[in-house]
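**Q** If you're matching them up, the sequences are chains A and B in order.
Reading the first sequence from the start, the letters are residues -16 to 225 in my numbering.
Reading the second sequence from the start, the letters are residues 86 to 686 in my numbering.
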Amino acid sequence: MMHFSQDDADRRPRRARTALLAVTALLLLLGACAGRGSAIATPAASTTAAGAPPSQGEDAHAGHDADAHAGHVMHDLPPVTLPAGSLVTEADVRFMQMMIGHHAQAVYMTRLAEHAGASDRVLKLAQKIDLSQAGEIALMQGWLVDYGQHAPDTDSWRRMSMPGMLTAAQLEQLSAARGRDFDRLFLRLMIAHHEGAIQMVADLLKSPRAGQEVDINVLANEIEAAQLAEIELMWQMLAELR
Amino acid sequence: MECFTMRVFALASLSALVLAAAPLAAQTYPSATDPRNNLKPGLHDAGIAIQGMRLITTAPKPPAFDSIRGLTFVNSDLAFRGNLVYQGNFAGFVIYDVSNPERPQILSTVECITSQGDPSIVGNLLFVSAEGAGNRNDCAKGGVQDPADHMAGVRIYDVSNPRAPRLVKNVQTCKGSHTHTVIPHPTDRGTIYIYVSGSQGARPETELAGCRNGADPADETNSLYRLDVIKVPLARPQDAEVVTGARIFTGLGPAPARGGRARPVRAAAGADSAEMAQMRMNGPRNCHDVTAYPAMNLLAGACSSYGILVDISNPEKPVRLDAVADTNFSLWHTAVFSNDGKKVVFTDEWGGGTSPNCQAQHPLEMGGNTTLMIGADRRLTQHAYFKIPTAQTPQENCVSHNGGLIPVPGRDIMVQGWYQGGVNVIDFTDPDKPFEIAFFDRGPVDAAPVEGQARGRGAIAGSWGAYWYNGLIYSAEMARGLDILELLPSEHLSANELAAAKLVMMEEYNPQSQPKLEWPAAFPVARSFLDQLARGNALPAARLAELASAIDAAERMTGTARRGALTNIVTSLRRDLEGSSDAARVRGLADALRGLAMATN
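Quick look at the structure:
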């Protein structure tokens, strides 16, 4: 079991809805990262403007043409060195590193829902994406450690640019949105974000000899399958919002 | 591990609790006092929590697969024939002889890179699913250098000599084979069909001719939106080939919320290209896994965002009967029918099986089971969720996975694997109140990470699938080998019910192709119904005692005396039908006794 602290729970913002007795227990169960000295930003703990990613223009969620995106991939990751004959390729390592950033931004987005007056249904979806992608980030970090590669942290997305990532302007817009407007914008941006992840999987599999190591193969397939299903769900939710 | 990965969305979790209180929830979840919580970690010396069963033995993996990091050498699914258990592995398969379940013997270890390696056995042929990008036609390690060497589809082995399996053919499919399901030909016993669930997009046409990704589900040239159907002449497996596609998705739209019905929606602002948006509007394009119930001509497809019921009277032209969605489910994963074909349990493989999704903060309605009824109109109605009630650790990959029925007459009971959540036995007789009757769980393979120390991927382990076969439970432990367990009588399961279950013997068992269970005429079968009537207080205690001694007396008799005694009990049961709150089990008892009378010479 993880260890949780009251301290951390107390740092978390409260809202009227959290006044229920159950919340204390929930926060105790759910909220902890005390004692780790981590500066991982969540919407509650930092301002979005300060943590804005590099701007990538309005095409960030548009036109998933691999070539068009190739020029947009920016990061400050160290070079990749792999032993001769490795089943793992540079594209595999980059995929894992970048997907950590991609997932981290998605998790950041989901946590905005917490304070945006989102509908129960959107909150539930946000929770599912949060739990799913936070878990996968840990797997990807572990995989990179196993292969002796740099494992980006969950703040790294601010220094990366990838298909589907929100621009600084979009993040600000989403942070400011409330209620039904938030629901609508969240769904639209998360659909684009998921499409970006699927594009990253497609790009990976197009790279020569990439995606053959079993863990990366299974993870890439899982990301594609899970996010395709969620895109479908989000389209349906969006249609029902109108 | 970053702190952030451990934090969870507090408010949404609150909302989840509120939603979880909706009518579909029937269990206490999670339980802070469950004995499976906080077990000691270890590969071969992990702490164990076990209830209602005993571990007979764990047959270790062969040395060739004895590595625990990542997925490269993990075990996958099981198939059974005679005294043999076929265990898939991402790097090949193993054939165990379990004639003596205390000392399983490895007859052969086949090294062949074939993720994920789910097996099925039909006579002397073993079928193995191949999906990974690194699988080669020649089975070798080292990855695919030339796309022409890539094997994705179904490998067919001749295992007539289980000590020397021989690869007969690699049947290539456009989307590979994540899983597959054997379906008998309706009339020709020399032919089978294999429904192939491939979870990926189509391979490039340059790699395999005729493969194409498209947006129109009805387009016969589109490799998506279909299950590939392989036809296998059993006498000439080298002629096995893809003959058609089962297009069971056409006309489905994006999945609606629980209880909603699918309806088409139109692509709107935000879509990046018309074709891509259209593909998303079409709903699912493949299944993860399909479970056939040939005796009922039914198939339950666990297909991305939908659970789909299909009529397979003609396996080459399956017809979708109904489709249900529940957006709490991430990936409808696999299904088990009740023996009467009136219920179906679907599992949700949220996180794909490698994520630790059974921790206290993971909701009941995500990553567990759901029970549905199949109406007379062959439509599905969702009834309840079930998830193991433990709070597993972040070191334990855990989600609902594969299982099958345990043949207890009069009840719907299944055994199931939950990866590192272990194995459990669930009663889903009442579709609104599934409950657990036994479990087996080990602690995680890995200890919790040391503060400040870089943590690798960790071990992916646990039960891939757990199945009842001829009296015992076999669980494919991904990292540790093959666990063999014996179910024990408990407050939830009588000795008679267990004895009746052990009477059901199969020659061959592929869990994805569910057999119809039939019980021989035997006293434990009759007494199972009597025990169930007692458990449910469905008859007065005095009457139950009277019936018990009458049955005991009949068993002591032979020949016509026994037949007469049994017939008298059956006749006497007519008046119990009206007085009982459980007429179905009174009828079950009468049928079992009648069967015994007929079997008495």
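Ideal placement from N, C-alpha and C gives every residue a C-beta, glycine not left out.
No experiment lies behind these values; they were computed from the predicted model shown.
Pick out whichever of B/Glu401, B/Ile180, B/Thr157 and B/Asn307 has its Cα sitting closest to the Cα of histidine 270 of chain B.
**A** Comparing Cα-Cα distances from histidine 270 of chain B to each of B/Glu401, B/Ile180, B/Thr157 and B/Asn307, the minimum goes to B/Glu401.
**Q** Which residues, taken in chain order from the segment 123 to 134 of chain A, show a beta carbon closer than 8 Å to some beta carbon of chain B?
**A** Of all residues in the segment 123 to 134 of chain A, Gln124, Gly125, Trp126, Val128, Asp129 and Ala134 have a Cβ within less than 8 Å of some Cβ in chain B.
**Q** Could you check if aspartate 59 of chain A is buried or exposed, using at least 16 other CB atoms within 10 Å of its CB as the buried criterion?
**A** Exposed: under 16 other Cβ atoms inside 10 Å.
**Q** Show which residues of chain A have a CB atom less than 9 Å away from the CB atom of asparagine 442 of chain B.
**A** Leu114, Ser115 and Gly118, listed in chain order.
**Q** If leucine 312 of chain B sits next to valine 267 of chain B, beta carbons under 8 Å apart, how far is it from one beta carbon to the other, in whole angstroms?
**A** Contact doesn't hold; Cβ gap of about 13 Å is too wide.
**Q** Of all Cβ atoms in chain B, is any one closer than 7 Å to the Cβ of glycine 226 of chain A?
**A** With chain A represented from -16 up to 225, any question about residue 226 of chain A goes unanswered, as that position is not in the structure.
**Q** Where histidine 44 of chain A and lysine 587 of chain B are concerned, what is the direct C-alpha to C-alpha distance, given to the nearest angstrom?
**A** Its pLDDT being 38, under 50, histidine 44 of chain A is placed unreliably in this model, and the coordinates cannot settle the point.
**Q** How many whole angstroms separate the CB atoms of glutamine 505 of chain B and glutamate 481 of chain B, which I take to be in contact at a CB cut-off of 8 Å?
**A** 3 Å between Cβ atoms; contact.
**Q** Taking histidine 447 of chain B as the query, report the chain A residues whose CB atoms sit under 8 Å from its CB, ordered along the chain.
**A** Near histidine 447 of chain B (Cβ distances below 8 Å), the residues of chain A are Leu114.
**Q** Go through its chain and collect everything with a Cβ distance to leucine 293 of chain B's Cβ below 7 Å, but skip five positions before and after it.
**A** Excluding sequence neighbours, leucine 293 of chain B sits near Gln257 and Cys259.
**Q** How is histidine 133 of chain A classed by DSSP in three states: helix, strand or coil?
**A** DSSP places histidine 133 of chain A in coil when its eight states are reduced to three.
**Q** When DSSP labels each residue in this structure, what does histidine 98 of chain A get in the three-state scheme?
**A** Histidine 98 of chain A: helix per DSSP, three-state reduction.
**Q** Would you say leucine 572 of chain B touches the ligand SAH, meaning its beta carbon is less than 6 Å from a heavy atom?
**A** The ligand SAH is absent from the structure shown, which contains no ligand whatsoever.
**Q** Mark arginine 660 of chain B as exposed unless 16 or more other C-beta atoms lie within 10 angstroms of its C-beta, in which case mark it buried.
**A** Exposed, because fewer than 16 other Cβ atoms sit within 10 Å of the Cβ of arginine 660 of chain B.
**Q** Just by C-beta distance, which residues in the segment 159 to 182 of chain B are closer than 7 Å to chain A?
**A** Listed by position, the residues of the segment 159 to 182 of chain B near chain A (Cβ gap below 7 Å) are Phe175.
**Q** Taking only beta-carbon positions, decide if glutamate 215 of chain A is within less than 7 Å of chain B.
**A** Chain B contact via Cβ: present.
**Q** Short of 7 Å Cβ to Cβ, which residues in the segment 123 to 149 of chain B face chain A?
**A** Those would be Asn123, in chain order.
**Q** Does the pairing of the segment 117 to 124 of chain B with the segment 551 to 562 of chain B give three or more beta-carbon distances under 8 Å?
**A** Segments in contact, no.
**Q** I need the boundaries of the alpha helix (DSSP H) containing phenylalanine 614 of chain B, first residue and last residue.
**A** Start and end: 608 to 620.
**Q** Give the range of the beta strand (DSSP E) segment to which threonine 150 of chain A is assigned.
**A** Neither: threonine 150 of chain A is in no beta strand (DSSP E) and is coded neither H nor E.
**Q** Taking a cut of 9 Å between CB atoms, which residues from the segment 152 to 173 of chain A lie near chain B?
**A** Listed by position along the chain: Leu170, Arg171 and Leu172.
**Q** How about tryptophan 417 of chain B and alanine 387 of chain B: do their beta carbons lie closer than 7 Å?
**A** Contact: yes.
**Q** Below 7 Å CB to CB, which residues in the same chain sit around glycine 330 of chain B once its five sequence neighbours on both sides are set aside?
**A** Only Arg311, Leu312, Asp313 and Val314 meet the Cβ criterion.
**Q** Please state whether DSSP places arginine 19 of chain A in a helix, a strand or coil.
**A** Note that arginine 19 of chain A scores a pLDDT of 30, beneath 50, so its modelled location is shaky; the value from the coordinates is reported in the next line. Of the three classes helix, strand and coil, the one that applies to arginine 19 of chain A here is coil, per DSSP.
**Q** Strictly by DSSP, which residues pair up with arginine 33 of chain B?
**A** Residue 33 of chain B falls outside the range modelled here, since chain B spans only 86 to 686, and no answer is possible.
**Q** To the nearest angstrom, how far is the alpha carbon of glutamate 663 of chain B from that of asparagine 307 of chain B?
**A** Straight-line Cα distance between these residues: approximately 58 Å.
**Q** Could you name the residues of the same chain whose beta carbon sits closer than 7 Å to that of alanine 633 of chain B, not counting the 5 residues immediately before and after it, in chain order?
**A** The answer, listed in chain order, is Leu615.
**Q** With burial defined as no fewer than 16 other Cβ atoms inside 10 Å of the residue's Cβ, what is the status of arginine 463 of chain B: buried or exposed?
**A** Exposed, since its Cβ has fewer than 16 Cβ neighbours within 10 Å.
**Q** What whole-angstrom Cβ distance do phenylalanine 178 of chain B and valine 213 of chain B have, given they're in contact under 8 Å?
**A** Phenylalanine 178 of chain B to valine 213 of chain B, Cβ: 6 Å. Contact.
**Q** Measuring CB to CB, does glycine 179 of chain A end up less than 7 Å from proline 146 of chain A?
**A** Result yes, Cβ atoms of glycine 179 of chain A and proline 146 of chain A sit closer than 7 Å.
**Q** At least one CB of chain B closer than 7 Å to the CB of glutamate 205 of chain A: is that the case?
**A** It does: the Cβ of glutamate 205 of chain A has a partner Cβ on chain B nearer than 7 Å.
**Q** Which ranges would you report for the beta strand (DSSP E) in the segment 445 to 518 of chain B if only whole runs of at least 3 residues count?
**A** 454 to 459, 465 to 471, 487 to 491, 498 to 502 and 508 to 512, all fully within the segment 445 to 518 of chain B.
**Q** Under the rule that 16 or more other beta-carbon atoms within 10 Å means buried, what is threonine 643 of chain B, buried or exposed?
**A** Counting Cβ neighbours within 10 Å, threonine 643 of chain B comes out exposed, since fewer than 16 surround it.
**Q** Which residues of chain B have a Cβ atom closer than 7 Å to the Cβ of asparagine 212 of chain A, listed in chain order?
**A** Correcting the residue type first, residue 212 of chain A is alanine in the shown sequence and not asparagine. Those are Ser389, Ser390, Ser415 and Leu416, listed as they occur along chain B.
**Q** Does the beta carbon of glutamine 219 of chain A come closer than 7 Å to any beta carbon on chain B?
**A** So yes, glutamine 219 of chain A belongs to the interface.
**Q** Rounded to whole angstroms, what is the Cα-Cα separation between valine 184 of chain A and methionine 361 of chain B?
**A** Looking at the two C-alpha atoms, the distance is approximately 15 Å.
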